[in-house]
């Protein structure tokens, strides 16, 4: 998730610096237009562009997660230590992986509801290095990061617990300075064991079990073999406790953080002012792209225009009818191609276009090397809102000049704004 944000930030910087290649710009604009500004779909497109441009998938926060895992191992090892002849104090484990985690979870939830984490953000930010988190993502980002770190801490602790069970003979007992009553503690632990009581009865402590495993630090105890067995039976309860009250809640919060961060990322991509400004600038420069190798079944999804690159063989997008305005009909034009713009044929042109009123998608191929004419404007202007019209500039096997492009762009904006201005760079 963090590497995705990193790639989007890097790509955003590339967009703002106008370093996108022409092909990248076309894909960004096409997706942005089809998605209607939907952040998640534009995000997927931007990530594909980032991968194509080899923007590295930097993993900010990796060291924070690694250190959280190491801390989990060290904490569990420390809690599992005991003095010679004394069992491990069970209450330490329950406190660290129970109430302490619950308190931290509450603080995390309070932070995400306020969309901020003012106390922990400066500390965590230092572990991110040069990763500059967008302001819109701060609250959800740090919530996700804290849950990821906590989950790493708990999972590494659980793993360490299992390893130590496998390679050491561990015994657990309990005692406090407050001299709690055994029956009271047994009732509390029995209540905590309710979630797994039906599926794992061996992990549910009884009053006798709790009473037999109480030890006294300052007094010698004679432990019989039968009583010693109770001290070694606590591990199922501890394992079930860790899973139920630490792993599962943290995993749920991590999932919530994942959803929140994904949602905020989509909103950020769709509404970020700088990114939108860069996309708008690319949209204005959209007329610098080329129809090249256009699929013959392309219809409404294509919108490119006016700076063609080198003359590349291309095909006219499919349309219901194709008009050739002052451009010679090709030999294999077919029935859907119609000649327009011949000298002294103005009235005939209006009749022909009227006869094609039922056709929805029009291609109008015009000579891009010539200046736009008032006759073309008069013919198409009343029809541009009634049909999907592509005004396609034909070239003579070489790029259009700057003056030719500017002339057609201005004509398009002023006279035929509801049409699509395209370039057909066909090798002659």
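Residue numbers (the numbering used here): 32 to 459. From the three backbone atoms N, C-alpha and C, an ideal C-beta is built for every residue, glycine too.
Check                                                                                                                                                    : Outcome
Is residue 376 helix, strand or coil when you go by DSSP?                                                                                                : coil
Give the single residue among 235, 204, 271 whose Cα lies nearest to the Cα of residue 242.                                                              : 204
To the nearest angstrom, how far is the alpha carbon of residue 361 from that of residue 445?                                                            : 30 Å
Output the distance between the C-alpha atoms of residue 287 and residue 274, rounded to the nearest integer angstrom.                                   : 18 Å
Do residue 174 and residue 129 come within 8 Å of each other at the CB atom, strictly closer than that value?                                            : no
Can you tell me which of 404, 356, 436 puts its alpha carbon nearest to the alpha carbon of residue 393?                                                 : 356
For residue 348, which beta-bridge partners are listed by DSSP?                                                                                          : According to DSSP, residue 348 bridges with nothing at all.
Can you tell me whether residue 170 is buried or exposed, with buried defined as 16 or more other CB within 10 angstroms of its CB?                      : buried
Going by the DSSP bridge assignment, what does residue 394 pair with across the sheet?                                                                   : 353, 421
Quick check: what's the CA-CA separation for residue 168 versus residue 232?                                                                             : 45 Å
Mind checking whether the beta-carbon of residue 93 lies closer than 7 Å to any heavy atom of the ligand MN?                                             : Here there are no bound small molecules, and the ligand MN is not part of this structure.
Secondary structure at residue 209, three-state DSSP: helix, strand or coil?                                                                             : coil
In terms of residues, what are the limits of the alpha helix (DSSP H) holding residue 140?                                                               : 130–144
Ignore the nearest five residues each way along the sequence and tell me which others in residue 119's own chain have a CB closer than 8 Å to its CB.    : 110, 111, 112, 113, 201, 202, 203, 204
Give the straight-line distance between the Cα atoms of residue 240 and residue 261, rounded to the nearest whole angstrom.                              : 6 Å
Is the stretch 132–141 close to the stretch 212–224, with three or more CB pairs under 8 Å?                                                              : no
Have a look at the DSSP bridge pairing and note the partners of residue 399.                                                                             : Residue 399 is not bridged to any residue.
Any contact between the stretch 175–194 and the stretch 205–214? By contact I mean 3 or more CB pairs, one from each, below 8 Å.                         : no
Please confirm if residue 203 has its CB atom under 8 Å from at least one CB of chain C.                                                                 : Of the protein chains in this structure there is only one, and it is not chain C.
Taking a contact to mean a Cβ-Cβ separation below 8 Å, would you say residue 190 touches residue 99 in this structure?                                   : no
Does the Cβ-Cβ distance between residue 455 and residue 396 come in under 8 Å?                                                                           : yes
Using DSSP bridges, identify the partner residues of residue 201.                                                                                        : Looking at the DSSP assignment, residue 201 forms no beta bridge with any residue, so it has no partner.
In chain order, what residues of the same chain lie with their CB nearer than 7 Å to the CB of residue 122, ignoring the 5 residues before and after it? : 205, 207
Between residue 399 and residue 367, what straight-line distance do the alpha-carbon atoms span, to the nearest angstrom?                                : 22 Å
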